[in-house]
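Residue numbers for the sequence shown follow full-length UniProt numbering, beginning at 1 and rising by one.
Cβ coordinates follow ideal geometry from the N, Cα and C atoms, glycine included.
Since the structure is predicted, the reported quantities are computational estimates derived from the model, not experimental observations.
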Amino acid sequence: MSQPPPTQAKILIVGAGPTGLATAVSLIKHGIAVHDIVVVDSVLSGQNTSRAVVIHSATIEALESIGCFAKLDAAGIRMQEMRVQDGNGSPFLVNDFSSLHPYTKFPYACIISQAHTELELNRELEALGGQVFRPLKAVGMKPVGNGLQVSFETGQIITAQYVIAADGARSVIRSVAGISFVDPQGLDREKSGDPRISQIILADITFDSSLDHIFPVDPYTGALSICPDGLFLTFPLAHPKVQSTLYGATEPIYRIGFSVHLTKGEAPSHPGLEVLQKYVDGHGPPVLSSDPSRNPNKPVHLKKVYWSTRFRTHSAIADTFFRRIRGDTEQENGGVVMLVGDAAHIHPPIGGQGMNLGLRDAIGLGATVAKHIQSKDANNDSNLQMLQDFAKERHEKASKQIVMTKRFAWFVGSLMNPWSIPYWVVYVMGNISFFKKMLVWQLSGLGNR
Ligand SMILES: Cc1cc2nc3c(=O)[nH]c(=O)nc-3n(C[C@H](O)[C@H](O)[C@H](O)COP(=O)(O)OP(=O)(O)OC[C@H]3O[C@@H](n4cnc5c(N)ncnc54)[C@H](O)[C@@H]3O)c2cc1C
């Protein structure tokens, strides 16, 4: 850490992932002085990974409202089309994002690695005079006078009136604030997901030969293949043809993602080339296989793995996104905790909604806290209603998002079982314009900003 953080702040943001950074930028853009905000993170910079790769229209609009989208747009790839297809590549549903044209200036999804999104948000924060203090891991919090005192592993202490918990799914701030985090339907973690699709592997990789004929970038096409053994996602993540500079690579990089049935045991946490190749050959679409008996026309091999991870999905939501924490005496007014992003809600990555909802929470939270601070009597308790209303509204949106994601998960899970929804039904539905538009609308977030 180059310089120690201040011991006092009006607003302390714990966590500098996408939502912590976006909250900080939004606060400043809505008129809060940089010196009133302290942002901390437990890890050194550059340790965040690829993870989320899709920014949907509603989130693009929100990022643009705080001047943070143009650079992401320039570095990313515009996705017009996402196919849902069977294992042999026959599409039965095409999500056409251009159908959003009447409703938004941004009728596409931006494909870009989360590491890059965080990099650009961090650059914007620095350009505004802010910085992230690292490594500082929050371990405790208690009310002191007119604020909350957050303590760190290093022994440092920062007191703030507002503490924003942007510290991810395992949020320490949420836990020390005594806020629960459970599946909204009360399911326990093990039962919260479909065993066929709740263990997922993601990887950013290259192939040894061009796949431009299957997954072109202009117009852009990605695909979710419903294979007999699970789901298999493939799409171009970076391509020299469209100025994307991810990992400094000069060849196309693809994001692959697939489910591994829980009965097959726990997959390796960071699978390497050989393991990934085995999975791709074993239950990916034949066109991606290196096995000539499955892919006689042109076997392809994985060439390089830039990043990979295995994770289990489940859903959870905090019981509240707002908590006033008071001290034991009348004089100890304490302070306010607000939850944002994964600290507030998590759900399976189907549809790529997690970071999107988190970024929209964050940008709205920045505007609301700024408005609250700028209001005439910010210290008056009745004035906290503004923050409570915002938290309630975001809670409703997150609950809605979890229900929607569970429906998506059920839908794609059902496609794996031809007895549940025959392909022809989906094929017929996939050709009904209203159904197609509704699906894209849901994915875009425009109906759940
Ligand atoms: C493997 C994987 C794949 C995903 N894929 C997708 C996808 O395709 N699409 C999508 O939309 N979403 C996806 N997500 C979800 C997405 O990554 C999250 O929704 C997003 O990162 C949430 O951002 P956040 O800022 O709320 O939390 P995080 O990104 O988790 O950031 C939290 C930050 O807080 C810091 N921190 C944690 N604890 C402390 C502490 N005690 N003190 C100080 N700092 C702390 C961490 O270092 C981190 O920088 C994926 C997630 C994972 C894990």
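Identify every run of the alpha helix (DSSP H) within the segment 235-322, keeping only runs that are complete inside it and at least 4 residues long; order them along the chain.
Those alpha helix (DSSP H) runs which fall completely within the segment 235-322 and span 4+ residues are 273-283.
Is Asp96 helix, strand or coil by DSSP?
DSSP places Asp96 in strand when its eight states are reduced to three.
Within this structure, are the beta carbons of Ser171 and Ala22 separated by less than 7 Å?
Taking 7 Å as the Cβ cut-off, Ser171 and Ala22 do not qualify as a contacting pair.
Using the three-state DSSP reduction, which class does Arg435 fall into: helix, strand or coil?
Before going further, note that residue 435 is Phe rather than Arg in the sequence given. Correct three-state label for Phe435: helix.
Quick check: what's the CA-CA separation for Ile66 versus Arg360?
Rounded to the nearest angstrom, the two C-alpha atoms are 11 Å apart.
Check whether the Cβ of Pro299 lies closer than 6 Å to any heavy atom of ligand 1, and answer yes or no.
Result no, Cβ not under 6 Å from ligand 1.
Based on the DSSP secondary-structure assignment, which residues constitute the bridge partners of Leu365?
Leu365 is not bridged to any residue.
From the DSSP output, read off the bridge partner residues of Thr405.
DSSP lists no partner for Thr405.
Determine the contact status of Gly257 and Leu302, defining contact as a CB-CB distance below 7 Å.
Cβ atoms of Gly257 and Leu302: not closer than 7 Å.
Tell me Ile164's beta-bridge partners as DSSP assigns them.
Paired residue(s): Ile13 and Met338.
Which residue marks the beginning of the alpha helix (DSSP H) containing Glu126, and which one marks its end?
Residues Gln114 to Ala127.
To the nearest angstrom, how far is it from the Cα of Ile111 to the Cα of Val94?
So the two alpha carbons sit approximately 17 Å from each other.
Could you work out which residue in Leu72, Arg134, Trp307 and Phe92 is closest to Thr49 when comparing CA atoms only?
When each option's Cα is compared against that of Thr49, the closest is Trp307.
Please name the residue in Pro143, His314 and Asp36 whose C-alpha comes closest to that of Asn333.
Of Pro143, His314 and Asp36, the residue nearest in Cα terms is Pro143.
For Leu63, is the classification buried or exposed, using 16 other Cβ atoms within 10 angstroms of its Cβ as the cut-off for buried?
It is buried - the Cβ of Leu63 has at least 16 other Cβ atoms within 10 Å.
Short check: CB of Phe235 to CB of Ser225, under 7 Å?
Against a cut-off of 7 Å, the Cβ pair of Ser225 and Phe235 comes out as no contact.
Sorry if obvious, but does the Cβ on Gly413 come closer than 6 Å to a heavy atom of ligand 1?
False, no ligand heavy atom lies under 6 Å from that Cβ.
What are the boundary residues of the alpha helix (DSSP H) that Arg174 is part of?
Its alpha helix (DSSP H) spans residues Val172 to Val176.
Anyone know if the C-beta pair for Ser99 and Lys397 falls short of 7 Å?
Not a contact, by the Cβ cut-off of 7 Å.
Report yes if the C-beta distance between Asp41 and Ala16 is below 7 Å; otherwise report no.
Contact: yes.
Just list the residues that DSSP pairs Ala223 with in beta bridges.
Arg83 and Thr234, per the DSSP bridge assignment.
Tell me the start and end of each unbroken beta strand (DSSP E) in the segment 47-75 that is at least 3 residues and wholly inside, in chain order.
Listed in chain order, there is nothing to give.
Just to check, is the beta-carbon of Arg51 closer than 6 Å to a non-hydrogen atom of ligand 1?
It does: the Cβ of Arg51 is within 6 Å (strictly closer) of some heavy atom of ligand 1.
What residue range is occupied by the uninterrupted alpha helix (DSSP H) comprising Ala24?
Taken as a continuous stretch (DSSP letters only), the alpha helix (DSSP H) holding Ala24 covers Pro18 to Lys29.
Mind checking Val336: buried by the 16 CB within 10 Å criterion, or exposed?
Per the 10 Å Cβ criterion, buried.
Under 7 Å Cβ to Cβ from Met355, same chain only, skipping five residues before and after it: list those, please.
Result list for Met355: Pro18, Ala52 and Gln114, in chain order.
Using the C-alpha atoms, what's the distance from Met141 back to Ile325?
Approximately 10 Å, taken between the alpha carbons.
May I ask whether a heavy atom of ligand 1 can be found less than 6 Å away from the beta carbon of Met355?
Yes - ligand 1 has a heavy atom lying nearer than 6 Å to the Cβ of Met355.
Quick test of the definition: if touching needs 3 or more C-beta pairs under 8 Å, does the segment 314-329 touch the segment 391-409?
Touching, yes.
Less than 7 Å between the beta carbons of residue 453 and Leu12, yes or no?
Nothing can be reported for residue 453: it is not among the residues displayed for the chain, which extend from 1 to 449.
Going along the chain, which residues of its own chain have a beta-carbon closer than 6 Å to the beta-carbon of Ala362, five neighbours each way excluded?
Same-chain partners within the cutoff: Thr19, Ala22, Thr23 and Val340.
Apart from the five residues just before and just after Gln161, which ones in its own chain have a Cβ nearer than 6 Å to its Cβ?
If we look at Gln161 and ignore the five residues flanking it on each side, its Cβ neighbours are Lys10, Gly147 and Gly335.
What are the boundary residues of the beta strand (DSSP E) that includes Met141?
Ala138 to Val144 is the span of the beta strand (DSSP E), which, as asked, contains Met141.
How is Gln388 classed by DSSP in three states: helix, strand or coil?
Helix at Gln388.
With respect to the beta strand (DSSP E) encompassing Gly147, which residues constitute its N-terminal and C-terminal limits?
First-last of the beta strand (DSSP E) with Gly147: Gly147 to Phe152.
Taking 6 Å as the cut-off, is the beta-carbon of Ser138 closer than that to any non-hydrogen atom of ligand 1?
Checking the displayed sequence, the identity of residue 138 turns out to be Ala instead of Ser. Flag set: Cβ of Ala138 near ligand 1.
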